[in-house]
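Below: the structure, in structure tokens.
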Amino acid sequence: MDFDFSEEQKMFKEAIRDFAQKEVAPIVKEAEEKETAPVDLFSKLGKLGYLCPAYPPQYGGGGLGKIGDCILVEELARVCSGITSGIMVQSGLSTFPILAHGTKEQKQEFLIPATRGEKIAAYGLTEPNAGSDAAAVETTAKRDGNYYIVNGSKIYITNGQICDFVTIAASTDKSKGSRGISTIIVDKSTSGFTVNKMKKLGHHSAATGELAFDNCHVPVDNLIGEEGKGYRYMLEALNGARISHSARSLGTAQAAFDASLNYAKQRIQFGQPIGKFQAISFKLARMAAEIEAARWLLYRVAWLYDQGNECRKEAPMTKVFSSEMAIRTAEEAMRIHAGAGYLAESTIDRYFRDAILFHTTEGTTEIQELVIARELGL
Ligand SMILES: Cc1cc2nc3c(=O)[nH]c(=O)nc-3n(C[C@H](O)[C@H](O)[C@H](O)COP(=O)(O)OP(=O)(O)OC[C@H]3O[C@@H](n4cnc5c(N)ncnc54)[C@H](O)[C@@H]3O)c2cc1C
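The C-terminal residue of the sequence shown carries number 403 in our numbering, and the numbering is unbroken.
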């Protein structure tokens, strides 16, 4: 057993930490306040070859596997989970179906520009009537000669307003249910494709959009893989993304913990630092233990994934553990900071608002538990 990162992984971690401090930290406040996703970061990360660390170098990736992706996401999330969201969707969910099942031409036109940060990608599965029940998608793609005519809508789509293309699930044959769903790439320039911004409780520096498709003519060449296999492709991407999502929870929890430990040493009440009170020190001890457990669960699952294991049980396990851990940690951070945490500029308020989302994205906690239970034969 080897519990250490390789030299290459250590260097990558250091490089991303440095990038996060120099390029991300200074822009967080403005991006959060103005509720804008900093699009320049995609090309900055892309130029350095850091944007899609998991993908093979031949497609502009870093060849560092899922562990590399988790390093990227964890380090960025220590600085800002909102900004990390868009990058995370780019480096996994939205591009993975093209990597895994796309044609040479699709890789050239969409995947490589995305890994270089020249094009921004989104992943469109969720709809008003298809959330946890993702197979219930109502968006249709009807074949008409060399085009699919796409009609429908998608909600809560990360990178929605800033994307150049979106990888969507649409029904090409309603009579077949989930086996009639296909994955199709819709270019932003397609006539009839519009996006509206959705306002949120947290993750203000992430673009979240509602997409509408009104008789969009999409070339049949934009079909990924085979017709009717799209639901499987979307879930496959989602399963891998659950591992990266856990890295985002971990990074956010680490940031909330670091701030709390520091505060517990500085804040004096009753003549001593509050960290000297057992009630506070035990909270910090528990937070530290849970973060440690989440970190090793995450990197072990990422390692398993890189060995070719599908991680159908392990990916939801790490997702459910790390997201619930981050929510608990952010709440404890708020209690430790008390009044100072509740203030809008404290950053503790941001960790708190951001962490609560982790229950929901990439499948809710309840859905993860359902998948784990099924894998256990229940
Ligand atoms: C900020 C943000 C960004 C997002 N980004 C994207 C994106 O980029 N692309 C995308 O496609 N989607 C995205 N989503 C959508 C996200 O994946 C969904 O919100 C999530 O899957 C849950 O769906 P829902 O919100 O419709 O909740 P619902 O499915 O309506 O669930 C409501 C509640 O019921 C519970 N529930 C539902 N079914 C069951 C069941 N069978 N057993 C037990 N409990 C159940 C759920 O766990 C939840 O607690 C995003 C969402 C948000 C908020």
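Ideal placement from N, C-alpha and C gives every residue a C-beta, glycine not left out. If you're wondering where the values come from, they're calculated on a predicted model, not measured in any experiment.
Residue from the options whose Cα sits closest to the Cα of residue i
| i | options | result |
| --- | --- | --- |
| Leu263 | Ala147, Glu251 and Gly202 | Ala147 |
| His228 | Ala139, Gly170 and Ile112 | Ile112 |
| Arg292 | Val98, His384 and His362 | His362 |
| Lys21 | Ala398, Lys301 and Thr390 | Residue 21 is absent from the structure shown; the chain starts at 26 and stops at 403. |
| Leu89 | His126, Phe30 and Ser347 | Phe30 |
| Leu73 | Ala195, Gln131, Thr128 and Gly142 | Gly142 |
| Lys54 | Ala231, Thr128, Glu394 and Gln131 | Ala231 |
Beta-carbon contacts of residue i that lie in its chain and below 7 Å, excluding the five residues immediately before and after
| i | result |
| --- | --- |
| Asn240 | Ile174, Asn176 and Gly217 |
| Glu387 | Leu263, Ala266, Arg267, His270 and Lys344 |
| Lys201 | Gly253 |
| Ser203 | Ala160 and Tyr256 |
| Phe190 | Phe135, Lys144, Ala146, Ile210, Val211, Asp212 and Lys213 |
| Arg378 | Leu226 and Gly227 |
Own chain residues within Cβ distance below 6 Å of residue i, not counting five before or after
| i | result |
| --- | --- |
| Ala281 | Thr354, Ala355, Ala358 and Tyr376 |
| Lys38 | Ile96 |
| Ile182 | Ala147, Gly149, Gly234 and Leu236 |
| Met312 | Phe282, Thr354 and Glu357 |
| Glu315 | Met350 |
Distance, residue j Cα to residue i Cα
| i | j | result |
| --- | --- | --- |
| Met350 | Lys167 | 44 Å |
| Asp94 | Gly296 | 45 Å |
| Tyr256 | Gly250 | 11 Å |
| Leu323 | Gln34 | 15 Å |
| Leu136 | Ala79 | 13 Å |
| Asp331 | Lys69 | 26 Å |
| Lys290 | Pro122 | 47 Å |
| Ala45 | Asp169 | 47 Å |
| Cys336 | Pro298 | 44 Å |
| Thr277 | Ala327 | 18 Å |
| Glu99 | Cys105 | 10 Å |
| Arg360 | Gly117 | 34 Å |
| Ala380 | Gln279 | 12 Å |
| Met405 | Asn171 | The structure shown does not extend to residue 405, since the chain is modelled only from 26 to 403, so the question has no answer here. |
| Ile180 | Gly300 | 44 Å |
| Thr372 | Val49 | 15 Å |
Same chain, Cβ closer than 8 Å to residue i, neighbours up to 5 away in sequence not counted
| i | result |
| --- | --- |
| Glu130 | Asp246 |
Inset, instruction - Ignoring anything shorter than 3 residues or poking outside the segment 213 to 247, list the beta strand (DSSP E) runs there in chain order. - result: Counting whole runs of 3 or more residues, the segment 213 to 247 contains the beta strand (DSSP E) stretches 218 to 222 and 233 to 244.
Legend entry - 4 or more residues per run - each alpha helix (DSSP H) lying fully within the segment 82 to 163: 90 to 102, 106 to 116, 121 to 126 and 137 to 140
Legend entry - Every unbroken beta strand (DSSP E) within the segment 166 to 218, with a cutoff of 3 residues, ordered by chain: Runs found: 172 to 183, 190 to 196 and 206 to 212.
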